[in-house]
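Asker: Residue numbering for the sequence shown follows numbering that gives the first Met the number 0, starting at 0 and increasing by one per position.
Take this structure first; my questions come after.
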Amino acid sequence: MLIGIDVGGTYTDGVIFDQGEIKASTKASTDSEDIKGSVLRVLEQLLGARNPQDIQRVVLGTTLVTNILATGRGEPAGLLLLPGYGLPHDAYSISPHTWYLKGAVDFRGREIEPLDQKELAEALRAISAKGLSRVAVAAKFANRNSKHEQEIREYILENYPDIKVSISSEVSGKLNFPRRAVTTYFTAMTLSEWNKFADEIESALQQRGIDTSADILKADGGTVSLASSRIMPCETVFSGPAASTMGALALNRDKLNSVVIDVGGTTSDISLIIDGEPLYAAKGAVIENHLTHVNAFAVRSLALGGDSPIIVVNGIPELSPIRQGPAACFGGQVPTVIDAFNIHYALNIGDAEASQVKLASMAGDHALSLDQMTAVIVEKVTERLMKAIEEMFSQWEKEPAYKVWEVIHRRKFELQQLIGIGAAAEAILPPLAERMGVHLFMHKYSAVANALGASVVRPTLSVQVHVDTAANICTIDPGGKQAPLPQGAKTQLEDVKALACKYLVGIGGERGMGDYTGEYKFFMQEQFNTIRGYSGSGKLFDVGVQVKPGFIKEYKGVRS
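Following this line, the structure appears as structure tokens:
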């Protein structure tokens, strides 16, 4: 049996999936101040009288890191930057606690300026005086040579053993220094609370007699082991939209061009599927208005959900972005979007009379009829969703995969269907689909599709290898490790591809995903000749290989 749990901003959903069927499902309110408690309550409800020894897999999608960063609860961290030559320091607006140090390497990884030990000592004294217990270190081209980052970490460990250090070469091996610095900084800020959460989840599973370890859903729609997530917790941001996208694919196996809309209580998440493949954000996830090296789907969250309260401003019904509780038809005190759709379309959801009483009272207070009230709200909701989709398409058009589709098919992209996810989708999305002139796909299990998606997605892994034959060295991401080349200066592209596959298998094995490392695809193969004087002096290779998001081998669909 497989357990999937998805922590949303309003509700936490859970399912038990076994042999093609959802054996149990549950939904509980999310306590944003106690994510662990929300997860454990759902876990308790799912297990019931079942034998915990029968649980083979537990996958969690959690908003913990997103909440930490959005609410400013992250542990204050110092940021040591070694930007080298180029942009002025004010181009790096990342942290209020930033120190700039001398020391630089070039794009080949050759040291061109040594680390200034005096500057380092002064910076650490200042960090210590501010009481900062975490430090992020990022040096330009540290993914080519991490010498300076390693020296800084050794200095801190020796002189300030209570300060925890995150270095960028171990967080990401990709080029683009600002994104690597931001990703490392957010890692340092969230690592302590994430590790506490991971400890609590491990303890909870042990207490309930579940022998299997937990996996965590990532922003790219794959999973990573709970142990591996301790290295880079930022990979778990936006796991909610990832869960809804993979849940949509789990329920709808047709390879159609689709917009996925997950209508939650507080927000609606929107993503795109092209020919059965989720569209990625080519530049990485945007966290707190900063581009990062976190692989993620191209998604957008809209502050509009089934529990969005209705208010009246200057005699006109409007929507408030601040949730005040459940809909009136579910015992709430304030009428919401769901109540308006409930009455306008006579859906008979929950206590429909309560919806009518609350809406009629509000309408009467402002000299509006009930029909006017509900019609205006339905129109505003539909318009906002449609506008959000149109705005997303203007962004999606810039993504490489979108452009490639149009080149291959020699025509403009054509949307074929909407896929509704979430309990409120069946009520809210039909008018939108009708206005857009596309089919709306809803499934019996659309309300818990996020949790289903979490339970059946497979692990993902991306490995990149950079080779410099003149220096006789290869650098591996993730991890930032460096090693000599087996073939030395004679290394060719096929050798580097074999090397990348070797590291994919090795790292995948360490992460417990050996069953899937054979299902890899190359996403990057580049070769450059280097010239010294008037003759070639070596070659540079960059090869990327990955296990893409998909489903575990056992998953063949869900019986309705």
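Built from N, CA and C at the ideal position, the CB exists for glycine as well.
The structure presented is a predicted model; accordingly, all values stated were derived computationally and were not measured.
1) Would you be able to state if there are at least three C-beta pairs under 8 Å between the stretch 463 to 475 and the stretch 225 to 233?
2) Determine the extent of the beta strand (DSSP E) in which Q149 is found, giving its start and end residues.
3) Could you tell me the distance, in whole angstroms, from the CA atom of G60 to the CA atom of T235?
4) Skipping 5 residues on each side, what residues in its chain have a beta carbon closer than 6 Å to that of T189?
5) Select from S360, G246, I272 the residue whose C-alpha is nearest the C-alpha of L255.
6) Using beta-carbon positions only, say whether K163 and A180 come within less than 9 Å of one another.
7) Would you kindly work out how many angstroms separate the C-alpha atoms of D105 and K386, rounded to a whole number?
8) Looking only at its chain, what residues have a beta carbon closer than 6 Å to the beta carbon of M391, apart from the 5 residues adjacent to it on each side?
9) Pop quiz: I420 and V259 are said to be a contact at Cβ under 8 Å. What is the actual Cβ separation, rounded to whole angstroms?
10) Thinking just about the alpha-carbon of each residue, which of A422, L81, T183 is nearest to the one in G349?
11) From the DSSP secondary-structure annotation, give me the bridge partner or partners of G419.
12) Between R457, G537, V544, V495, which has its C-alpha nearest G246's C-alpha?
13) From the DSSP output, in three-state form, read off T244 for me.
14) What first and last residue would you give for the alpha helix (DSSP H) that runs through D268?
15) With N528 as the anchor, note down where its beta strand (DSSP E) starts and where it stops.
16) With H, G and I counted as helix, E and B as strand and the rest as coil, what does DSSP make of Y515?
17) With a threshold of 8 Å, are at least 3 pairs of Cβ atoms found where one atom belongs to the stretch 215 to 230 and the other to the stretch 287 to 295?
18) Comparing the C-beta of D89 with each C-beta of chain B, is any distance below 9 Å?
19) Could you give the first and the last residue of the continuous alpha helix (DSSP H) run that contains D364?
20) Give the range of the beta strand (DSSP E) segment to which E20 is assigned.
21) Could you please give me the residues that DSSP links to A76 through a beta bridge?
22) Ignore the nearest five residues each way along the sequence and tell me which others in V368's own chain have a CB closer than 8 Å to its CB.
23) State the Cα-Cα distance for the pair G47 and K35, rounded to the nearest angstrom.
24) Who are the Cβ neighbours of R178 in its own chain at under 7 Å, not counting the five residues just before and after it?
25) Check whether the stretch 441 to 448 and the stretch 424 to 433 touch, using three or more Cβ-Cβ pairs below 8 Å as the test.
26) Quick one: is R133 buried, meaning 16 or more other Cβ sit within 10 Å of its Cβ, or exposed?
27) What residues match up with G60 in a beta bridge as DSSP calls it?
28) Within the continuous alpha helix (DSSP H) that includes V38, where are the two ends?
29) Got a sec? Which residues, its chain only, sit under 6 Å from S24 by beta carbon, not counting five neighbours each side?
30) Under the assumption that S454 contacts L1 (Cβ atoms under 8 Å), give the Cβ distance between them as a whole number of angstroms.
31) Three or more C-beta pairs under 8 Å: does that hold for the stretch 328 to 345 against the stretch 369 to 380?
32) Going along the chain, which residues of its own chain have a beta-carbon closer than 6 Å to the beta-carbon of W98, five neighbours each way excluded?
33) Just verifying my parser: in three-state terms, what is the DSSP assignment at S368?
34) What does the alpha-carbon distance come out to for the pair D494 and D541?
35) Given a threshold of 16 other Cβ atoms within 10 Å of its Cβ, counted over all protein chains shown, does N144 qualify as buried or as exposed?
36) Expressed to the nearest angstrom, what Euclidean distance is found between the alpha-carbon atoms of E148 and S168?
Answerer: In terms of the structure at hand:
1) no
2) Indexing the sequence shown from 1 puts residue 149 at position 150. Q149 -> not in any beta strand (DSSP E); alpha helix (DSSP H) instead, spanning 146 to 158.
3) Here residue 60 refers to the residue found at position 61 of the sequence shown. Here residue 235 refers to the residue found at position 236 of the sequence shown. Whole-angstrom Cα-Cα distance: 8 Å.
4) Within the sequence shown, the letter at position 190 stands for residue 189. Same-chain partners within the cutoff: V64, I67, G73, P232.
5) Numbered from its first residue, the sequence shown carries residue 255 at position 256. For L255, the nearest C-alpha among the options comes from I272.
6) Numbered from its first residue, the sequence shown carries residue 163 at position 164. Numbered from its first residue, the sequence shown carries residue 180 at position 181. No; because the gap between Cβ atoms is not below 9 Å, this pair is not in contact.
7) The residue you call residue 105 lines up with position 106 of the sequence shown. The residue you call residue 386 lines up with position 387 of the sequence shown. Going by the C-alpha atoms only, they are around 46 Å apart.
8) Looking up residue 391 in the sequence shown gives position 392. The residues are I269, R299.
9) One-based indexing of the sequence shown puts residue 420 at position 421. One-based indexing of the sequence shown puts residue 259 at position 260. Between V259 and I420 the Cβ distance is about 6 Å, and since that is below 8 Å, they are a contact.
10) Counting from 1 along the sequence shown, the entry for residue 349 is found at position 350. Checked all of A422, L81, T183; the closest Cα to G349 is A422.
11) On the sequence shown, position 420 is the one that residue 419 refers to. For G419, which the question treats as bridged, DSSP gives the partners I260.
12) As a first step, residue 246 must be located in the sequence shown, where it is residue number 247. Selected option, being the one with the closest Cα: R457.
13) Locating residue 244 in the sequence shown gives position 245, where the first residue counts as 1. Helix at T244.
14) For the purposes of this step, residue 268 is taken as the residue at position 269 of the sequence shown. Note, D268: premise wrong, no alpha helix (DSSP H); beta strand (DSSP E) at 267 to 273.
15) Locating residue 528 in the sequence shown gives position 529, counting from the first residue. First-last of the beta strand (DSSP E) with N528: 520 to 531.
16) Taking the first residue of the sequence shown as position 1, residue 515 is located at position 516. Y515: helix per DSSP, three-state reduction.
17) yes
18) Given the protein chain composition of this structure (a single chain), no chain B is represented.
19) If you number the sequence shown from 1, residue 364 lands on position 365. First-last of the alpha helix (DSSP H) with D364: 351 to 364.
20) Taking the first residue of the sequence shown as position 1, residue 20 is located at position 21. 20 to 28 is the extent of the beta strand (DSSP E) around E20.
21) As a working mapping, residue 76 is identified with position 77 in the sequence shown. The partner list for A76 (beta bridge, DSSP) reads R133.
22) Translated into the one-based positions of the sequence shown, residue 368 becomes position 369. The sequence as given places Ser at residue 368; Val does not occur at that position. Closer than 8 Å at Cβ, skipping near neighbours: A362.
23) To locate residue 47, count along the sequence shown from 1; it is residue 48. To locate residue 35, count along the sequence shown from 1; it is residue 36. So the two alpha carbons sit approximately 18 Å from each other.
24) As a position in the sequence shown, residue 178 is number 179, starting the count at 1. Excluding positions up to five away in sequence, the list reads G283, L290, T291, H292.
25) yes
26) Taking the first residue of the sequence shown as 1, we reach residue 133 at position 134. Buried, because 16 or more other Cβ atoms sit within 10 Å of the Cβ of R133.
27) Locating residue 60 in the sequence shown gives position 61, counting from the first residue. In the DSSP output, where bridge partners are listed per residue, G60 has D5.
28) Translated into the one-based positions of the sequence shown, residue 38 becomes position 39. Start and end: 34 to 46.
29) In the sequence shown, residue 24 corresponds to position 25, counting from 1. Excluding sequence neighbours, S24 sits near V14, V447.
30) The residue labelled residue 454 in the question sits at position 455 within the sequence shown. The residue labelled residue 1 in the question sits at position 2 within the sequence shown. That pair is a contact at about 4 Å.
31) yes
32) Here the question's residue 98 lines up with position 99 in the sequence shown. These residues qualify, in order along the chain: L79, A122.
33) Position 369 of the sequence shown holds residue 368. Three-state DSSP puts S368 in coil, outside helix and strand.
34) If you number the sequence shown from 1, residue 494 lands on position 495. If you number the sequence shown from 1, residue 541 lands on position 542. If I take the Cα positions, the gap works out to 12 Å.
35) The residue given as residue 144 occupies position 145 in the sequence shown. N144 should be labelled buried.
36) Here residue 148 corresponds to residue number 149 of the sequence shown, with the count starting at 1. Here residue 168 corresponds to residue number 169 of the sequence shown, with the count starting at 1. In a straight line, the C-alpha of E148 is about 8 Å away from that of S168.
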